[in-house]
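Residue numbers (my numbering): 787 to 1055. Backbone N, C-alpha and C fix where the C-beta goes; we use that ideal spot for every residue, glycine too. The structure presented is a predicted model; accordingly, all values stated were derived computationally and were not measured. First up is the structure itself, then whatever we jot down about it.
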């Protein structure tokens, strides 16, 4: 498998307890490139899937006996399954800052969760993100899903190295109305390239899958970096009906959580 050399501060990602975040890193080289036997340095496409509030053993491949997660299990089986790979923080914003900058969250300017209110700043703009590094290396850069690192133009994804972005900026949303209902006032939170968009009644995980597919399709022959910050299984626990039925015999709230995890697995698959 090709190795990617990045001038990126991964050495600063020190061990902190892994609490509720899984990271899947996928590298893709087109079949034609492999078949050609090219020896020059290649640029595989890179996808990071960053799940939200997922327990560290809440996959079948990590020992969960009551969860159905075949697609994520397949990624682990065909790749490398880490057992001592830790997030840089146990909560949303600082863990994302650490992952995107390669720095301790406090040094990246995000020691705790940032505001979910529109207009509020977040991670300082002088922080260099992996998106900016990938862009400078000739990659197209895409963000899909949750952000939670700033809600002002300069701290939203397009101001932090992502050429295209689709998702919500705050900590969580209702997956059908795309409103933030916690710590009012209620407010709509769905954005595409810095502009508010409306997809009333459409299930956000499905919208994310569609947007990822669109970005990949539109990328053409130029290499891309996709950061898919999927907002599942963070509350509200809104799993699809087939999974709610599948887990009906589990006690609450495990049944609701399990349904959302398997809904996410379907999306990843």
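Within its chain, find whatever has a CB closer than 6 Å to the CB of residue i; leave out the 5 residues flanking it on each side and keep chain order.
i, result
"residue 995", "1053"
"residue 973", "966"
"residue 1040", "none"
"residue 1023", "1042, 1043, 1046"
If you draw a straight line from the alpha carbon of residue i to that of residue j, how long is it in whole angstroms?
i, j, result
"residue 1015", "residue 981", "19 Å"
"residue 829", "residue 1009", "6 Å"
"residue 848", "residue 1037", "21 Å"
"residue 903", "residue 895", "18 Å"
"residue 1048", "residue 1029", "7 Å"
"residue 962", "residue 867", "33 Å"
"residue 1004", "residue 949", "13 Å"
"residue 917", "residue 947", "5 Å"
"residue 878", "residue 1035", "31 Å"
"residue 932", "residue 998", "13 Å"
"residue 975", "residue 987", "14 Å"
"residue 956", "residue 977", "11 Å"
"residue 834", "residue 863", "17 Å"
Tell whether a beta-carbon distance below 8 Å holds between residue i and residue j.
i, j, result
"residue 852", "residue 1044", "yes"
"residue 886", "residue 855", "no"
"residue 1042", "residue 1055", "no"
"residue 928", "residue 1012", "yes"
"residue 1050", "residue 991", "yes"
"residue 938", "residue 906", "yes"
"residue 958", "residue 1021", "yes"
"residue 941", "residue 983", "no"
So what does DSSP say about residue i, is it helix, strand or coil?
i, result
"residue 893", "coil"
"residue 945", "helix"
"residue 1020", "coil"
"residue 976", "coil"
"residue 832", "strand"
"residue 983", "coil"
"residue 1044", "helix"
"residue 1014", "strand"
"residue 898", "coil"
"residue 927", "strand"
Under the rule that 16 or more other beta-carbon atoms within 10 Å means buried, what is residue i, buried or exposed?
i, result
"residue 882", "buried"
"residue 969", "exposed"
"residue 926", "buried"
"residue 1007", "exposed"
"residue 865", "exposed"
Give every residue of the same chain whose Cβ lies closer than 7 Å to the Cβ of residue i, excluding the five residues on either side of it in the sequence, and list them in chain order.
i, result
"residue 1018", "837, 838, 991, 1046, 1049, 1050"
"residue 993", "985"
"residue 913", "887, 894, 895"
"residue 964", "954, 974, 975, 976, 985, 990"
Taking CB distances under 8 Å as the criterion, tell me whether residue i reaches chain C.
i, result
"residue 1030", "Of the protein chains in the structure, only one exists, and it is not chain C."
Looking only at its own chain, which residues have a Cβ that is under 8 Å from the Cβ of residue i, when we skip the five neighbours before and after it?
i, result
"residue 859", "845, 846, 847"
"residue 892", "880"
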